[in-house]
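Quick note on the numbering used here: the sequence shown kicks off at 36 and runs consecutively.
This report concerns only the one structure given below.
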Amino acid sequence: MLLRPMTADEFAVYQLLFIDEYANDLAASRNYSPEEALQRATESIDFSLPKGVETAMNQLWCLALSASDDPPVGYLWLTMKGQSAWICDFFIYPEGRGKGYGRAALENLSHQLALEGIAEIGLRVAPTNAAAKHLYEKLGFSITGINMSKRLAC
């Protein structure tokens, strides 16, 4: 699995995909209305990546099976801080799931980051995503906390 830097054109595609996926997650996990979830997902990526692929302290990768111009099988978004990396988003297209692409991408990423002196990788996994949780645990990730939230009446 190759990790190649995302181009600005690929970011435009990824941005729409991220908004859709994250809005669905927000609606399911936090009971936001579809409209509110869409607004929050859009604001999240716009705030976090104001300069797209050029946003400082972030790395955006396309996951590819080969070095050719084939469309990516997925995407990876990292935020870097000191000797730590945080996986903000890790996405494999549905038709590529269950084929070992996620495992290969994370192993490649771990190796690459270790060579760069990064000592730790963190991430959040939705409690309903058992397949992702299982993969992360198989690759040595451990639970370091539990995120919780409460909706307030405004």
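All C-beta atoms, glycine included, are put in the ideal place defined by N, C-alpha and C.
Starting from residue i and walking both ways along the beta strand (DSSP E), at which residues does that stretch end?
i: K116; result: G109 to K116
i: P40; result: L37 to P40
i: A165; result: Counting along the chain, A165 falls outside any beta strand (DSSP E), though it belongs to the alpha helix (DSSP H) covering A165 to K173.
i: I156; result: E155 to L158
Taking the alpha carbon of residue i as the point to measure from, which residue in the options has its own alpha carbon closest?
i: I178; options: V160, A154 and K185; result: V160
i: A47; options: A188, L84, A154 and L170; result: L84
i: A99; options: L158, R39 and L73; result: R39
i: G117; options: I156, D81, K86 and L73; result: I156
i: R138; options: P162, T163 and A167; result: A167
i: S145; options: L113, Q74 and N182; result: L113
Output yes or no for whether 9 angstroms exceeds the beta carbon distance between residue i and residue j.
i: E45; j: P107; result: yes
i: A76; j: S68; result: no
i: I80; j: I122; result: no
i: A140; j: M41; result: no
i: A72; j: A91; result: no
i: Y110; j: Y171; result: no
i: F126; j: L52; result: yes
i: L87; j: A43; result: Note that residue 87 is Gly in the sequence shown here, rather than Leu. Taking 9 angstroms as the Cβ cut-off, G87 and A43 qualify as a contacting pair.
i: P162; j: S101; result: no
i: L95; j: E142; result: no
In the DSSP assignment, find the unbroken alpha helix (DSSP H) run with residue i in it and report its ends.
i: Q137; result: For the record, residue 137 in the displayed sequence is Gly; it is not Gln. Segment Y136 to L150, the alpha helix (DSSP H) holding G137.
i: D81; result: P69 to S83
Looking only at DSSP bridge pairs, what is residue i linked to?
i: E130; result: In the DSSP output, where bridge partners are listed per residue, E130 has none listed.
i: C97; result: R39 and Y110
i: I122; result: L113 and L158
Cβ of residue i versus every heavy atom of the ligand GTP: is any distance shorter than 8 angstroms?
i: I156; result: Judged by which ligands are present, the structure shown has none, so any question about the ligand GTP falls away.
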